[in-house]
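*Asks:* Residue 50 in numbering that gives the first Met the number 0 is what sits at position 51 of the sequence shown, and the numbering runs on without skipping anything.
All C-beta atoms in this analysis are idealised placements derived from N, C-alpha and C, irrespective of residue type, glycine included.
Small disclaimer: the values here were computed from a predicted structure and weren't measured.
Structure in structure tokens, see below.
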Amino acid sequence: MKKRLFLAILVLTAILGCTAHAYMDVSSDKWYYKNIQTMSDSGLLKGYDDNTFRPDNPITYAEFVSVLKRCVSPGSESSLSGHWAKGAMEYAYSNGWYDYDEINESLYDTAIPRYMAVKLTVLSMNLPKTENDDGVYWRYMNEIKDFNSIDGRYGYLVIRAYNNGVLTGDENGNFNPRNSLTRAEACAIISRAAGMADIKPSASAEPDVPIAPQISVRGGVSENGKLQVIGTQLSNERGEPVVLRGMSSHGLQWFSNFTDRASIAKTAQAGANVFRLAMYTGENGYLSQPDNIKNKLYSSVDGAIAEDMYVIIDWHILSDGNPMTNVAAAESFFNEVSAKYSNYDNVIYEICNEPNGNISWSGDVKPYAERIIPVIRANDPESVILVGSPTWSQDINAAADDPLNFDNVMYTCHFYAGTHTQWLRDWITYAIGKGAPIFISEWGTSAADGNGGVFLEESQRWLEFLNANNISWVNWSLCDKNEASAAIAPNTGVNWSTDTLSQSGKFVFDNFR
Ligand code: DCB
Numbered sequence: 000m001k002k003r004l005f006l007a008i009l010v011l012t013a014i015l016g017c018t019a020h021a022y023m024d025v026s027s028d029k030w031y032y033k034n035i036q037t038m039s040d041s042g043l044l045k046g047y048d049d050n051t052f053r054p055d056n057p058i059t060y061a062e063f064v065s066v067l068k069r070c071v072s073p074g075s076e077s078s079l080s081g082h083w084a085k086g087a088m089e090y091a092y093s094n095g096w097y098d099y100d101e102i103n104e105s106l107y108d109t110a111i112p113r114y115m116a117v118k119l120t121v122l123s124m125n126l127p128k129t130e131n132d133d134g135v136y137w138r139y140m141n142e143i144k145d146f147n148s149i150d151g152r153y154g155y156l157v158i159r160a161y162n163n164g165v166l167t168g169d170e171n172g173n174f175n176p177r178n179s180l181t182r183a184e185a186c187a188i189i190s191r192a193a194g195m196a197d198i199k200p201s202a203s204a205e206p207d208v209p210i211a212p213q214i215s216v217r218g219g220v221s222e223n224g225k226l227q228v229i230g231t232q233l234s235n236e237r238g239e240p241v242v243l244r245g246m247s248s249h250g251l252q253w254f255s256n257f258t259d260r261a262s263i264a265k266t267a268q269a270g271a272n273v274f275r276l277a278m279y280t281g282e283n284g285y286l287s288q289p290d291n292i293k294n295k296l297y298s299s300v301d302g303a304i305a306e307d308m309y310v311i312i313d314w315h316i317l318s319d320g321n322p323m324t325n326v327a328a329a330e331s332f333f334n335e336v337s338a339k340y341s342n343y344d345n346v347i348y349e350i351c352n353e354p355n356g357n358i359s360w361s362g363d364v365k366p367y368a369e370r371i372i373p374v375i376r377a378n379d380p381e382s383v384i385l386v387g388s389p390t391w392s393q394d395i396n397a398a399a400d401d402p403l404n405f406d407n408v409m410y411t412c413h414f415y416a417g418t419h420t421q422w423l424r425d426w427i428t429y430a431i432g433k434g435a436p437i438f439i440s441e442w443g444t445s446a447a448d449g450n451g452g453v454f455l456e457e458s459q460r461w462l463e464f465l466n467a468n469n470i471s472w473v474n475w476s477l478c479d480k481n482e483a484s485a486a487i488a489p490n491t492g493v494n495w496s497t498d499t500l501s502q503s504g505k506f507v508f509d510n511f512r
């Protein structure tokens, strides 16, 4: 059993005979009275010389981080020249409590926003991940009324703080992420967190590195790095499970106005961490106008990279049902694109959208994959590669029965809620049971033709199933076409916003987090 330093400090305080301090502005009937006494008596956050504590003043970055540092590693305060809190700040940074772009010296003496205080508390105290951190954000969107206004980078940490009993919302159920934190609130949060966290005595000079989240639903590339497939689970660079959620474009030959940087950024801001670029081969797509379509593709891939997203390059076969029909063009395309992006962890290759027609997995699609995958691997040896299957990427069971012999490969399963129901979920369960990793690189709330519905109840069943299995998904499609599956209301144009989403789009965007 590890000793709890916080308790040790309290005991020490008692032994040394320190008496509780009475501040003239902290009366004993206040909700925070005990928290302030605890923090003050243990020397973690003291009052002022004029015998005030100023409980309602906002706490600064410097003060907050210093308190946390004293909690987990008491002793030697800063001996560095410069700002008095510089030592604590550098300690915090070197232990991964914050990232380089989050705090700089010009912020030290300003009020710390609540989302940042939560991040620092959760990471410094190693607050344990709880079961409910995983993929069920939609539940918390009811409990934390303003959850949508929390930046995607912090949502899971806020949830973890709630789950650990460190935080509760205001009287309206709001978290108010960008508001400041009063000194009284800081005492409450830190004393609660310290009371339940396993804080290690600082005897060992090397403090433990805080745990990273085990499931990152909203993490982008800077957080998750190079992806890998472990067993059937998509995982990040550190081997922790990852779930990607986002939007697919419609055909680049028709709707590339919704794949510019602005549209990708809006999708990212809504909480998505993956964007798929549907590069149709037929239907006046890539094979008819290769340079034009490739330029559109590249500028959109670059836009997604700039937005810290994962990006799927989709060789969107459809009318050309057998991938073998254009296998030579596919080889040269994937050779070029995998060389171009081999240094980017963002890129995922989808080598055949939806094989269909009178073909089989073992006779057509698998041999195709065995030609394309080595082409990509020659340039980009470890990237994740997605492979479709016959019957518009529903025959995942056939793939699971006769799998490809390559690492970091996943099989796509595509569903449309108006057409595909429990039976296809059962096929996924079968495939996973056989060890086949599954990725939903395309799904719609509509029927299989992209129109009809929307079918939100069945879509909800699907998402609960995918959440329960940590399966990543990409929704069809980000455009304003007049069809049910389109996420943007008909004819809205490129100045779309989350206020001009279609019924389908509202449902899908609400489920990124
Ligand atoms: C897939 C395709 C995708 C298609 C959607 C919806 O096709 F990957 O390209 O998108 O699912 O059908 C639709 C667009 C339309 C467009 C049409 C042709 O939404 O605006 O006019 O492509 O480019 C599927 C998926 C499943 C099934 C059939 C198809 N299925 N299909 O299970 O029967 O026939 O395209």
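Is there contact here, the region 43-58 with the region 178-187, by at least three beta-carbon pairs under 8 Å?
*Replies:* Because the criterion of three Cβ pairs below 8 Å is met, the region 43-58 and the region 178-187 touch.
*Asks:* My assumption, with CB atoms under 8 Å, is that Ser445 sits in contact with Asp313. Please give the rounded CB distance.
*Replies:* Not a contact, Cβ separation roughly 19 Å.
*Asks:* Could you tell me how far apart the beta carbons of Leu67 and Ile189 are, in whole angstroms, since I believe they sit closer than 8 Å?
*Replies:* About 7 Å; that satisfies the 8 Å criterion.
*Asks:* By how many angstroms is the C-alpha of Arg237 removed from the C-alpha of Pro212?
*Replies:* At Pro212 the pLDDT is 27, less than 50, meaning the model places this residue with poor confidence and gives no usable figure here.
*Asks:* How is the alpha helix (DSSP H) around Gly432 delimited, first residue to last?
*Replies:* Counting along the chain, the alpha helix (DSSP H) containing Gly432 begins and ends at Gln421 to Gly432.
*Asks:* What separation, rounded to the nearest whole angstrom, lies between the Cα atoms of Ser201 and Ser298?
*Replies:* Low per-residue confidence applies at Ser201: pLDDT is 30, beneath 50, and the placement is therefore not dependable, though the value from the model is reported in the following sentence. Between Ser201 and Ser298, the C-alpha separation is close to 51 Å.
*Asks:* Verify whether the separation of the beta carbon atoms of Gly356 and Asp319 is less than 7 Å.
*Replies:* Not in contact: Gly356 and Asp319 (Cβ atoms no closer than 7 Å).
*Asks:* Where does Gly356 sit, in a helix, a strand or coil, going by DSSP?
*Replies:* It is coil, neither helix nor strand.
*Asks:* State yes or no: is the C-beta of Ile263 within less than 7 Å of the C-beta of Gly302?
*Replies:* The answer is yes: Cβ separation under 7 Å.
*Asks:* Considering only residues of the same chain and omitting the five flanking positions on each side of Gly16, which have a CB-CB separation below 6 Å?
*Replies:* Confidence in Gly16 is poor, its pLDDT being 41 and thus under 50, which makes the residue's placement unreliable; the coordinate value appears in the next sentence. None.
*Asks:* Cβ-heavy atom distance between Trp253 and the ligand DCB below 6 Å?
*Replies:* Because no heavy atom of the ligand DCB lies under 6 Å away, the Cβ of Trp253 does not count as near it: no.
*Asks:* Which ranges would you report for the beta strand (DSSP E) in the region 322-391 if only whole runs of at least 3 residues count?
*Replies:* Fully enclosed beta strand (DSSP E) runs of 3 or longer: 346-349 and 384-386.
*Asks:* Does Lys29 pass the burial test, meaning 16 or more other C-beta atoms within 10 Å, or should it be called exposed?
*Replies:* Under this definition Lys29 is an exposed residue.
*Asks:* Within 10 Å of its beta-carbon, does Ala277 have 16 or more other beta-carbons around it, so buried, or fewer, so exposed?
*Replies:* So Ala277 counts as buried.
*Asks:* In the DSSP assignment, find the beta strand (DSSP E) that holds Val310 and state where it starts and stops.
*Replies:* Here the beta strand (DSSP E) through Val310 covers Tyr309 to His315.
*Asks:* How many Å lie between Arg376 and Trp426 at the Cα?
*Replies:* Approximately 29 Å, taken between the alpha carbons.
*Asks:* Spatial neighbours of Thr491 within its chain, please: C-beta separation below 7 Å, excluding the five flanking residues on both sides.
*Replies:* For Thr491, where only same-chain residues beyond five positions count, the Cβ hits under 7 Å are Asp479 and Thr499.
*Asks:* Excluding sequence positions up to five away, which residues of its chain have a Cβ less than 7 Å from the Cβ of Lys505?
*Replies:* For Lys505, where only same-chain residues beyond five positions count, there are no Cβ hits under 7 Å.
*Asks:* So does Glu349 have its beta carbon nearer than 6 Å to some heavy atom of the ligand DCB?
*Replies:* No, the Cβ of Glu349 stays beyond 6 Å of every heavy atom of the ligand DCB.
*Asks:* Any idea what DSSP makes of Tyr415, helix, strand or coil?
*Replies:* Correct three-state label for Tyr415: strand.
*Asks:* Do Asp363 and Met409 count as a contact pair if the criterion is CB distance below 7 Å?
*Replies:* Not closer than 7 Å, so no.
*Asks:* In the DSSP assignment, the alpha helix (DSSP H) including Leu296 goes from what residue to what residue?
*Replies:* Counting along the chain, the alpha helix (DSSP H) containing Leu296 begins and ends at Pro289 to Ala305.
*Asks:* What do you get for Ala513, buried or exposed, if any count of 16 or more other CB atoms within 10 angstroms of its CB means buried?
*Replies:* One cannot answer for residue 513 here, as it falls past the ends of the chain, which runs 0 to 512.
*Asks:* With a cut-off of 8 Å, do at least 3 Cβ pairs link the region 31-49 to the region 77-92?
*Replies:* At 8 Å Cβ cutoff, the stretches do not touch.
*Asks:* Roughly how many whole angstroms lie between the Cα atoms of Pro389 and Glu349?
*Replies:* Approximately 15 Å, taken between the alpha carbons.
*Asks:* Looking only at its own chain, which residues have a Cβ that is under 6 Å from the Cβ of Val493, when we skip the five neighbours before and after it?
*Replies:* Asn256, listed in sequence order.
*Asks:* Report the residue from Gly219, Asp400 and Asp379 whose alpha carbon sits nearest the alpha carbon of Asn535.
*Replies:* The structure shown does not extend to residue 535, since the chain is modelled only from 0 to 512, so the question has no answer here.
*Asks:* Hey, could you find the ends of the beta strand (DSSP E) Ser248 is sitting in?
*Replies:* Counting along the chain, the beta strand (DSSP E) containing Ser248 begins and ends at Arg244 to Ser248.
*Asks:* Using C-beta distances below 7 Å, list every residue in its chain close to Asn50, excluding the 5 sequence neighbours before and after it, in chain order.
*Replies:* Tyr22 and Met23.
*Asks:* Please classify Asn422 as buried or exposed, where buried requires at least 16 other C-beta atoms within 10 Å of its C-beta.
*Replies:* In the sequence as displayed, the identity of residue 422 is Trp instead of Asn. Its Cβ having fewer than 16 others within 10 Å, Trp422 is exposed.
*Asks:* Expressed to the nearest angstrom, what Euclidean distance is found between the alpha-carbon atoms of Ile14 and Glu222?
*Replies:* Here the model assigns Ile14 a pLDDT of 45, short of 50, so the residue's position is not dependable and the matter cannot be decided.
*Asks:* So, using beta-carbon positions, are Gly451 and Ala483 closer together than 7 Å?
*Replies:* It is a contact, given that the beta carbons lie within the stated cut-off.
*Asks:* With respect to the alpha helix (DSSP H) encompassing Met23, which residues constitute its N-terminal and C-terminal limits?
*Replies:* Met23 -> no alpha helix (DSSP H), and no H or E assigned at all.
*Asks:* Does the beta-carbon distance from Leu317 to Glu369 come in below 7 Å?
*Replies:* Cβ atoms of Leu317 and Glu369: not closer than 7 Å.
*Asks:* Which same chain residues end up closer than 8 Å to Leu106 when comparing Cβ atoms and leaving out the 5 residues on each side of it in sequence?
*Replies:* So the list reads Tyr60, once near-sequence residues are dropped.
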